[in-house]
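Number 197 in full-length UniProt numbering belongs to position 197 of the sequence shown; there are no gaps in the numbering.
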Amino acid sequence: MIPQSPLGTFVLCGQSLRQHLAKSCRQQIRAASSAVSPVELRYDKIVPPDGNETDRPLVILHGLFGTRRNFGSLTKAFAKDLGRPVYTLDLRNHGMSPHAEPHTYPAMAADVLHFFQTHKLSNISLLGHSMGGKVAMTVALDPDLPRELLAHLIIEDIAPARRALSSKFQGYIEAMKKIEANAVRTRQEADRVLKPYEQDPMIRAFLLMNLEYSTAHQQRSLKFGVPVGLLGDSIPEIGDFPWSPGERTFDGPTLFIKGKKSKYINRNNIDTVKSFFPSMIFEELDTGHMVHPERCVLIPDASGLLLLTDDWYRPNEFKALVTNFIQSN
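Structure below.
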């Protein structure tokens, strides 16, 4: 009989210890986040012709660096086709919502649940893209969630997996810090600073939508409406997820929509998706990570810089998938 290697035993114990410490750390984060006071989220609301503002609403959560306006004209199309109110929220540290620590999924989920309670919403269809999708899943998996609160869960191109974000995101943070530190005064200058970090003009335009003029100095300079440093420090948490497979499940109607050219949902994490959401339906569209845009409209401003317009998003296959899913479940 071959004796067990002491080194092998040590490695196994080390792995077990690391898993235990990681689980303990996530439990502490959940506990700490639940103790944090929720912030009041800014929102837009579209009410259907019958005036219904609270029953069976569709609530939409944007992704990292996004805002409540990222779904554009789709919100009006959803309200018209579904005959339900549509709410789009600015998550904490985004858009016009307050800047607050921590930027974790339990804290963001607590904000959303507080919004539901404050606005007396019920039978909610909750749709989230990317970071907003992980927030939506965290809401659905909350152990204290009333069963009647969520009628549908719709997740756009993200899995409930723990995965470090691409190094590109830290590059975006670095570029945004440079733009603020250099007191850049035009969007064209800002675009030049950002270009070495991101070649795609659509993504640059998306990031620069967060720019606004500072009134703190006589010579007005541009700054970002998001807390750049806080979000940069929170990149590890944004790649994380508060629950492990087997800890929680949501059995309600759930739709996952994947971009065919995106790797955020893949063969390595699809079983994890099913373990959390056993009733899930899976659909795929021929897109990248930004599934909901049908096309991007880039219009040059006076300086020649390409700007995203409010018509960036148009009703499309994505709208049909979401509407049909809600109406048939």
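Even for Gly, the Cβ is constructed at its ideal location relative to N, Cα and C.
In the DSSP assignment, what residue or residues form a beta bridge with residue i?
i	result
H129	E156
L41	The partner list for L41 (beta bridge, DSSP) is empty, contrary to what the question assumes.
L61	L89, G128
K223	E212
L150	I124
I235	DSSP, once it has assigned bridges, lists no residue as partnering I235.
Here's the rule I'm using: 16 or more other beta-carbon atoms within 10 Å means buried, otherwise exposed. How should residue i be labelled?
i	result
N93	buried
N70	buried
Y213	exposed
T75	buried
M137	buried
F325	buried
A320	exposed
D55	exposed
P143	exposed
Please classify residue i: does DSSP put it in a helix, a strand, or coil?
i	result
F276	helix
Y197	coil
residue 331	The chain is shown from 1 up to 329; residue 331 falls before or after that span and cannot be answered.
S262	coil
F250	coil
A136	helix
V36	coil
L113	helix
E284	strand
E212	strand
F71	coil
L165	coil
L255	strand
D191	helix
D240	coil
D50	coil
D55	strand
T186	coil
G66	coil
L141	coil
R204	helix
residue 343	There is simply no residue 343 to check, as the chain begins at 1 and stops at 329 in what is shown.
N329	coil
Handout entry: Inter-stretch contact at 8 Å, needing at least 3 Cβ pairs: the region 190-199 / the region 143-163
Key = Counting Cβ pairs under 8 Å, fewer than three are found: no touch.
Problem - Ranges of the beta strand (DSSP E) found wholly within the region 82-109, counting only runs of at least 3 - result: Residue ranges of uninterrupted beta strand (DSSP E) with 3 or more members, entirely inside the region 82-109 and ordered along the chain, are 86-89.
Exercise for the section: May I ask you to verify whether the region 95-103 touches the region 120-131, counting CB pairs closer than 8 Å and requiring at least 3? Expected result: no
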